[in-house]
Structure formats: structure tokens, C-alpha cells
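To start, the structure under review is shown below, and the notes come after it.
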Amino acid sequence: MTTDTTPTPTPGEDFMATSALAQPGPDLAVEQVSDTARPDQWWQVVWSSKKARVGVVILAVYVLVAIFAPLIAPQDPLDSSFTPLDGPSATNWLGTTTSGQDIASQLIYGSRISLMVGLFAGLISTVIATVIGLISGYAEGTILDDLLSFVTNVALVIPALPLIITLVAYSEVRGIWLIVGVISITSWAGAARAKRAQIISLRNRDFVTAAKFSGEGTWRIVFREIMPNMTSLVAASFVGAATGAIGAEAGLAALGLGDSQSVSWGTMLYQSNAQGAIAQGLWLWVFVPGLVLAILMTAMTFINFGVDLLSNPHLREDA
């Protein structure tokens, strides 16, 4: 009779062998952790919002129209050789003005002015607000904070619209850069106040304390340690400032305070009102510039909904 010499595993060895088979290997465990713990990129967070997606698509269309305006516009926007008060046609898609200029071409070229003002005025205003807000918040309780807070409070209580109108009206030189500068220096205070409050809540965090003990300078702590944690707030501030700048430029131009040498949606509204477009039945001359302006500002507002998701993760469930 043959005797089985195969060793019988003890209960402890059997349990260890079963556990080894059930446990994933080190590579598999690392792969699973990296897949589940990897955070979404910022563009993925913004794109997850339905409103933000609509806003991004609309803004992209406006940007493409502004870039390729010479290829899209059927005529020169300043060409007045067409028949005045002419209706829509294959040559003049939306008709002509009382001066014989093509309305559609002016509408297409006007997107350049609005986007340019929104970009540069929003950028300059955001930079001013960020620098003043960060320095004032980090230096809370010092003379520097008192001085910057005083300047911010003064800028907050001064009515922005009358100040803008006064500065532009009494300026000897009219131009797009004057409007950009005036809008920038009159629209930073509210955003600076919000950034000051945010940095006050961040400056006592552990990573800031560690940076202080490591010997890093004040400027490096403020702009290299704290500011990256405020990126979403800065982005939301820029989008809001750009939206306000677009509306402010259109309002100034509609009041006759814009650059008369350029074509914008605001100057179209001013010219249509000054030349009695409604009384002469040129509804498209009045309605279309206001419509495209409203759509652009709505798209910017929709994008801000997506930017808000970056700073408030609780909103992502409802996006």
C-alpha cells in the first residue's frame, strides 16, 4: 500500500495562503489608488456644468467671429457707398444704415472691440484687485493694511458710473485704451475686498506657518504659497470683471462717449438712436446689436457658474 507523503498544511498556513491569493499585488493596489484618488482637472470641473458648457461654446463662437471678421464680414464696415435705408439682401445681410453702411459687417467687426475691452479691462482690474487684496490681507492689522483698506473703501463708496462718464467725457483723447484704463481703475475695489477676506482665512494655515519657519520671504509666501490656493476666486473675479467691462464699454459708447473712429456694438446703438432708426423702421439696426451683446454677457455669466465649482465642491453635485 502506498503512503501519501504530501505535507498537510496547518490551519495558519492555509489562512495565510488564502489571504495572499485574495490580496492584490503592490502594483495593482497602487494602480487602483491612483485611479480613484486622481482629482479632476480644472477644465473637467468647469465642463461638468451644463451652463458652463453652453457659455464656453457661445464664447468660442464669438472669439472665432472676431478673429476671422475680415473673412466673414460681407463688406467693409465703414463703406458708405451702398443705398441708404436698404433692406436685407444678399449683399447687405441685415440691410444698411441711413449713411449707407452695411449693418451686418458692423455687427461682425463690433465683436472685436467688446472682446478686447473685456479681456484687457478684466485682466488689469483683476491684477490690481489681487495684488491689493493679497497684500492687505496678509498684513492685517498693520499700517500697510490700514492704508490699503482705506483706499479700497474710498473706491467702493465712489459711484463708478458717474466717475467713468466724467473721466471719459473730459478727456481730450478718445480711444479704446482710454475706456479700458478708466474701467480698470474703477472696478477693482469689490474684488480686492473679497480677496482680502480670503487670504485672512488662509494665512494661519499649516502650510503658511511651515513656509514662515523655513525662512521664506513675505512676497514668496503671498504669491507662491497662498495665491495658488485662491486660483478659483481669481478666475471668477476675472470673468465677472470682463463681463462688467463689456457692458460698461457698450453703455459708454451708446451714450456717445466711445471711440468714434471704431465700430462697436455700443456705437451702433448710439448711431441708430441719433439717426432715428426706429422711426424709419430700421428695427434690425437697433435690435441686433443689443441682442448679440446680451447673449455674450449671458454666456460669460454661464461660464462663471462653472468657475464657481472650482472653489465650492458642494455645488458639483447639482451641476
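The numbering used here runs 6 ahead of the 1-based position in the sequence shown.
A virtual CB, placed ideally from N, CA and C, is assigned to each residue, including glycine.
CA-CA distance, residue i and residue j?
| i | j | result |
| --- | --- | --- |
| residue 300 | residue 207 | 36 Å |
| residue 157 | residue 194 | 11 Å |
| residue 54 | residue 133 | 28 Å |
| residue 312 | residue 127 | 21 Å |
| residue 87 | residue 118 | 23 Å |
| residue 190 | residue 305 | 21 Å |
| residue 230 | residue 176 | 41 Å |
| residue 97 | residue 84 | 15 Å |
| residue 138 | residue 159 | 12 Å |
| residue 246 | residue 109 | 29 Å |
| residue 179 | residue 188 | 13 Å |
| residue 303 | residue 64 | 10 Å |
| residue 308 | residue 220 | 42 Å |
| residue 3 | residue 105 | Nothing can be reported for residue 3: it is not among the residues displayed for the chain, which extend from 7 to 325. |
| residue 66 | residue 123 | 16 Å |
| residue 213 | residue 142 | 19 Å |
| residue 236 | residue 81 | 46 Å |
| residue 289 | residue 298 | 14 Å |
| residue 164 | residue 197 | 15 Å |
| residue 135 | residue 199 | 8 Å |
| residue 169 | residue 264 | 15 Å |
| residue 131 | residue 89 | 43 Å |
| residue 171 | residue 286 | 30 Å |
| residue 274 | residue 56 | 33 Å |
| residue 266 | residue 284 | 21 Å |
| residue 280 | residue 76 | 27 Å |
| residue 99 | residue 107 | 12 Å |
| residue 223 | residue 146 | 17 Å |
| residue 155 | residue 215 | 24 Å |
| residue 58 | residue 217 | 36 Å |
| residue 38 | residue 51 | Model confidence at residue 38 stands at a pLDDT of 49, short of 50, so the residue's coordinates are unreliable and nothing is read from them. |
| residue 103 | residue 270 | 14 Å |
| residue 192 | residue 162 | 9 Å |
| residue 183 | residue 248 | 15 Å |
DSSP has residue i in a bridge; who is on the other side?
| i | result |
| --- | --- |
| residue 102 | 108 |
Of all the options the options, which has the alpha carbon lying nearest to the alpha carbon of residue i?
| i | options | result |
| --- | --- | --- |
| residue 259 | 277, 121, 200 | 277 |
| residue 272 | 241, 120, 169 | 120 |
| residue 167 | 220, 250, 282, 268 | 250 |
| residue 71 | 112, 174, 89 | 112 |
| residue 262 | 192, 241, 181 | 181 |
| residue 202 | 252, 239, 185 | 239 |
| residue 79 | 200, 248, 286, 114 | 114 |
| residue 268 | 280, 255, 136 | 255 |
| residue 228 | 210, 241, 125 | 210 |
| residue 252 | 234, 185, 50 | 185 |
| residue 68 | 125, 103, 52, 56 | 125 |
| residue 140 | 61, 225, 102 | 225 |
| residue 233 | 204, 154, 56 | 204 |
| residue 242 | 257, 316, 102 | 316 |
| residue 292 | 101, 154, 222, 161 | 101 |
| residue 129 | 257, 50, 144, 244 | 244 |
| residue 73 | 174, 60, 310, 116 | 116 |
| residue 174 | 144, 257, 294 | 257 |
Which class does residue i belong to by DSSP, given the choice of helix, strand or coil?
| i | result |
| --- | --- |
| residue 222 | coil |
| residue 190 | helix |
| residue 38 | Low local confidence applies: a pLDDT of 49 at residue 38 is under 50, so the model's placement there is unreliable, with the coordinate-based value given in what follows. Three-state result, residue 38: helix. |
| residue 178 | coil |
| residue 305 | helix |
| residue 264 | coil |
| residue 28 | Below a pLDDT of 50, predicted positions are generally treated as unreliable, and residue 28, at 47, falls in that range; the measurement from the model is reported next regardless. It is helical. |
| residue 277 | helix |
| residue 269 | coil |
| residue 8 | Below a pLDDT of 50, predicted positions are generally treated as unreliable, and residue 8, at 47, falls in that range; no measurement from the model is reported. |
| residue 88 | coil |
| residue 164 | coil |
| residue 334 | This structure cannot settle anything about residue 334, because the visible part of the chain is limited to 7 through 325. |
| residue 159 | helix |
| residue 148 | coil |
| residue 55 | coil |
| residue 207 | helix |
| residue 82 | coil |
| residue 97 | coil |
| residue 229 | helix |
| residue 285 | coil |
| residue 74 | coil |
| residue 312 | helix |
At least one CB of chain D closer than 9 Å to the CB of residue i: is that the case?
| i | result |
| --- | --- |
| residue 51 | The structure shown contains no chain D; it holds only a single protein chain. |
Measuring from the CB of residue i, is there a heavy atom of the ligand ZN at a distance below 8 Å?
| i | result |
| --- | --- |
| residue 137 | Absence of the ligand ZN from the depicted structure is noted, as is the absence of any ligand whatsoever, leaving it without description. |
Next on the checklist: Three or more C-beta pairs under 8 Å: does that hold for the stretch 84-95 against the stretch 143-152?
Outcome noted: With the cut-off at 8 Å, the stretch 84-95 and the stretch 143-152 do not touch.
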